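**Q** In order, the protein sequence lines correspond to chains H and A. Start counting the first sequence at 1300; every next residue gets the next number (the numbering used here). Start counting the second sequence at 16; every next residue gets the next number (the numbering used here). Here a beta-carbon is modelled for each residue, glycine too, at the ideal position from N, C-alpha and C. Quantities reported herein were computed from a predicted structural model and do not represent experimental measurements.
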Amino acid sequence: AQSVTQPDIHITVSEGASLELRCNYSYGATPYLFWYVQSPGQGLQLLLKYFSGDTLVQGIKGFEAEFKRSQSSFNLRKPSVHWSDAAEYFCAVGFYQAGTALIFGKGTTLSVSS
Amino acid sequence: DTGVSQDPRHKITKRGQNVTFRCDPISEHNRLYWYRQTLGQGPEFLTYFQNEAQLEKSRLLSDRFSAERPKGSFSTLEIQRTEQGDSAMYLCASSWRGGPNNEQFFGPGTRLTVL
Chain H
1300 AQSVTQPDIH
1310 ITVSEGASLE
1320 LRCNYSYGAT
1330 PYLFWYVQSP
1340 GQGLQLLLKY
1350 FSGDTLVQGI
1360 KGFEAEFKRS
1370 QSSFNLRKPS
1380 VHWSDAAEYF
1390 CAVGFYQAGT
1400 ALIFGKGTTL
1410 SVSS
Chain A
16 DTGVSQDPRH
26 KITKRGQNVT
36 FRCDPISEHN
46 RLYWYRQTLG
56 QGPEFLTYFQ
66 NEAQLEKSRL
76 LSDRFSAERP
86 KGSFSTLEIQ
96 RTEQGDSAMY
106 LCASSWRGGP
116 NNEQFFGPGT
126 RLTVL
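1. Kindly indicate which three-state DSSP category I41 of chain A falls into: helix, strand or coil?
2. Evaluate S1379 of chain H with the Cβ neighbour count: other Cβ atoms within 10 Å of its Cβ, from every protein chain shown; 16 or more gives buried, anything less gives exposed.
3. Give the residues of chain A in contact with L1346 of chain H, contact being defined as C-beta atoms less than 8 Å apart.
4. Determine which residues share a DSSP beta bridge with Q1344 of chain H and list them.
5. Taking C-alpha atoms, which residue in A:F121, A:G124, A:R112, A:T128 lies nearest to E43 of chain A?
6. Short of 6 Å in beta carbon distance, which residues of its chain neighbour D39 of chain A, apart from the five on each side in sequence? Order them along the chain.
7. Please name the residues in the stretch 57 to 78 of chain A whose beta-carbon is closer than 7 Å to at least one beta-carbon of chain H, in chain order.
8. From Q119 of chain A to V1336 of chain H, what distance separates their C-alpha atoms?
9. Measuring only the C-alpha atoms, how far is G1361 of chain H from P85 of chain A?
10. Sort H:F1389, H:T1311, H:L1401 by Cα distance to S110 of chain A and report the nearest one.
11. Sort A:F80, A:R96, A:R30 by Cα distance to Y105 of chain A and report the nearest one.
12. Rounded to whole angstroms, what's the CA-CA distance from S1313 of chain H to P1339 of chain H? Just pull it up for me.
13. In the DSSP output, what is C1322 of chain H paired with across the bridge?
14. Between the stretch 1344 to 1357 of chain H and the stretch 1317 to 1332 of chain H, do at least 3 Cβ pairs fall closer than 8 Å?
15. Name, please, each residue of chain C whose Cβ falls closer than 8 Å to the Cβ of Q1357 of chain H.
16. Taking the beta carbon of P58 of chain A as the centre, do at least 16 other beta carbons fall within 10 Å, making it buried, or is it exposed?
17. Do you know whose CA, among A:N33, A:S73, A:G31, A:Q52, lies nearest F121 of chain A's CA?
18. If distances are taken between C-alpha atoms only, which option among H:K1377, H:V1303, H:R1321, H:Y1388 comes closest to T1408 of chain H?
19. If you draw a straight line from the C-alpha of V56 of chain A to the C-alpha of R37 of chain A, how long is it?
20. Buried or exposed for D101 of chain A, please, with buried defined as at least 16 other CB atoms from any protein chain shown within 10 angstroms of its CB.
21. Quick check on Q99 of chain A: does DSSP put it in helix, strand or coil?
22. Between the alpha carbons of P1306 of chain H and Q1357 of chain H, how many angstroms are there, rounded?
23. If you run the structure through DSSP and keep just helix, strand and coil, what is I1359 of chain H?
24. T1399 of chain H: which of A:T28, A:L70, A:L92 sits nearest, CA to CA?
Here it is as structure tokens:
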């Protein structure tokens, strides 16, 4: 069965430090990959997506992610974290056939320390 | 483009009562999705519409749950005889067929608390 794993439930990073959030997926075909961010009481905001092409994708708010097919991974990175980045981050996988459900990981909560 | 809207934002009900939530998708989107998110979990798919047709339902959608999208625009999700286990955030999303495949835009959610 298709699944998405985010191994880190909670990460604390110092403001200004770099960040990497891990995401691994289990899926037999070429996936569509997404990272969403959710602030407390808010809906999900798309940070970036990968469909095909360049495996390093740039997103909003200075985030980037790299698709590594050999590792079935799509890790999210940011070179310098800001206090406003504290939120919950979800990795999601979409099926090839457009219009079907996304499968989400359980999320990683990011705390930023000063 | 005013985004996906959901109403109400919060709902508190007593066990056994029926509740109904509404979702208004982005106007040009013809696909609409419902997800449920419980504490500490990612969103889980419930059901999906293309226009007014309900094309897919998850096993999570028990017979107490029903969703409609009568005119292919807004959608409603009804839960009958609510149980405490139904307490969750109910998220609606929409997408545009023909656009970047499966990019779904989410609403703010309806938080349901069943007492």
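**A** Inspection of the coordinates gives the following:
1. coil
2. exposed
3. Neighbours of L1346 of chain H on chain A: none; closest Cβ ~12 Å, over 8 Å.
4. H:V1336
5. A:R112
6. Contacts found: S20, F89.
7. Residues of the stretch 57 to 78 of chain A with a Cβ closer than 7 Å to any Cβ of chain H, in chain order: G57, P58, F60, Y63, Q65, E71.
8. 13 Å
9. 41 Å
10. H:L1401
11. A:F80
12. 20 Å
13. Paired residues: none, contrary to the question.
14. In the pairwise beta carbon analysis, the stretch 1344 to 1357 of chain H is classified as touching the stretch 1317 to 1332 of chain H: at least three pairs are separated by under 8 Å.
15. Here chain C cannot be found, since the structure's protein chains are H and A.
16. buried
17. A:Q52
18. H:Y1388
19. At residue 56 of chain A the sequence reads Gln, which differs from the Val that was named. Q56 of chain A and R37 of chain A: Cα-Cα distance of roughly 23 Å.
20. Classification of D101 of chain A: buried, given that the 10 Å Cβ count is 16 or more.
21. helix
22. 22 Å
23. helix
24. A:L70
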